[in-house]
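Participant: 1 is the number of the first residue of the sequence shown in full-length UniProt numbering; add one for each residue after it.
Note that the Cβ used here is the ideal one computed from N, Cα and C, for glycine as well.
Questions regarding the structure given below will be posed in turn.
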Amino acid sequence: MPIQFSVNGQPVNLDQKDQEMPLLWFLREKMQLTGSKFGCGIGQCGACTVHLNGSAVRSCLLPVGQLQGSAIRTIEGLASGTDLHPVQQAWLDEDVPQCGYCQAGQIMAAVALLEQVNDRSEEQVNAHMSNICRCGTYTRIRKAIKLVAA
Ligand code: FES
């Protein structure tokens, strides 16, 4: 049975044959939305983080067949035209990225945190920001989150 969901507000109708495909590959291969990255493929690193109905999820483990009626948001859906999302702007202001590979996932995790969690204590931020960065940009990530939360 076909399923319907949306990606960055764009409706998607999916027939039976693609429903086992992980969302990450659907976004990258079928929709050419390549901001979300493949890191580990086992739900550990967070490079593939997108939003499912506003919550951060790891798209490498999520079959598109489970998305009936869902709203997906990716890094490509954050900016409004040429206006960056405040979290994207904070990432620039704090010069967060080094190699950059994990940063789309980091930003999506940070946006979900700031939209959904009122408690911005260090403990809560640490609990929600579990994405891995091999360059070790964690200090600048925390500074950018503080800048938006202030
Ligand atoms: Fe999905 Fe690492 S690629 S968590």
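Cβ-heavy atom distance between arginine 58 and the ligand FES below 7 angstroms?
Facilitator: Yes, Cβ of arginine 58 sits closer than 7 angstroms to a heavy atom of the ligand FES.
Participant: Exposed or buried, what is serine 121 when buried is set at 16 or more other beta-carbons lying within 10 Å of its beta-carbon?
Facilitator: Exposed, because fewer than 16 other Cβ atoms sit within 10 Å of the Cβ of serine 121.
Participant: Kindly identify the DSSP beta-bridge partner or partners of arginine 73.
Facilitator: Arginine 73 is bridged to His51.
Participant: Measure the beta-carbon distance from histidine 85 to valine 111 and round it to whole angstroms, keeping in mind my assumption that it falls under 8 angstroms.
Facilitator: Yes, histidine 85 and valine 111 are in contact; Cβ-Cβ is about 7 angstroms, under 8 angstroms.
Participant: Indicate the three-state DSSP secondary structure (helix, strand or coil) for alanine 150 in the structure shown.
Facilitator: Alanine 150: coil per DSSP, three-state reduction.
Participant: Helix, strand or coil, according to DSSP, for phenylalanine 26 in the structure here?
Facilitator: If DSSP states are grouped into helix, strand and coil, phenylalanine 26 belongs with the helices.
Participant: Could you give the first and the last residue of the continuous beta strand (DSSP E) run that contains valine 117?
Facilitator: Element bounds for valine 117: n/a, residue is neither H nor E.
Participant: Does any heavy atom of the ligand FES sit closer than 7 angstroms to the C-beta of glycine 43?
Facilitator: Yes, Cβ of glycine 43 sits closer than 7 angstroms to a heavy atom of the ligand FES.
Participant: What is the rounded straight-line gap between the Cα of glutamine 68 and the Cα of serine 59?
Facilitator: Taking the straight line from one Cα to the other gives about 15 angstroms.
Participant: Apply the 10 Å Cβ neighbour rule to lysine 17 and answer buried if 16 or more other Cβ atoms are within range, or exposed otherwise.
Facilitator: The residue in question, lysine 17, is exposed, as its Cβ has fewer than 16 Cβ neighbours within 10 Å.
Participant: CB cysteine 48 to CB serine 36, shorter than 8 angstroms?
Facilitator: Yes, Cβ-Cβ distance for cysteine 48 and serine 36 is below 8 angstroms.
Participant: Given 7 angstroms as the limit, tell me if cysteine 48 has its C-beta closer than that to any heavy atom belonging to the ligand FES.
Facilitator: Yes, the beta carbon of cysteine 48 sits closer than 7 angstroms to at least one heavy atom of the ligand FES.
Participant: Just list the alpha helix (DSSP H) runs in the segment 76-113, keeping only unbroken ones of 4 residues or longer that don't cross its boundaries, in chain order.
Facilitator: Runs of the alpha helix (DSSP H) inside the segment 76-113: 86-93.
Participant: Less than 7 angstroms between the CB of cysteine 99 and some heavy atom of the ligand FES, yes or no?
Facilitator: No; taking the cut-off as 7 angstroms, the Cβ of cysteine 99 has no heavy atom of the ligand FES nearer than that.
Participant: Just to confirm my understanding: we take asparagine 8, look at its own chain, exclude 5 residues before and 5 after, and list those with CB closer than 7 angstroms. What are they?
Facilitator: Once the five neighbours on either side are set aside, the close Cβ partners of asparagine 8 are Arg73, Thr74, Glu76 and Gly77.
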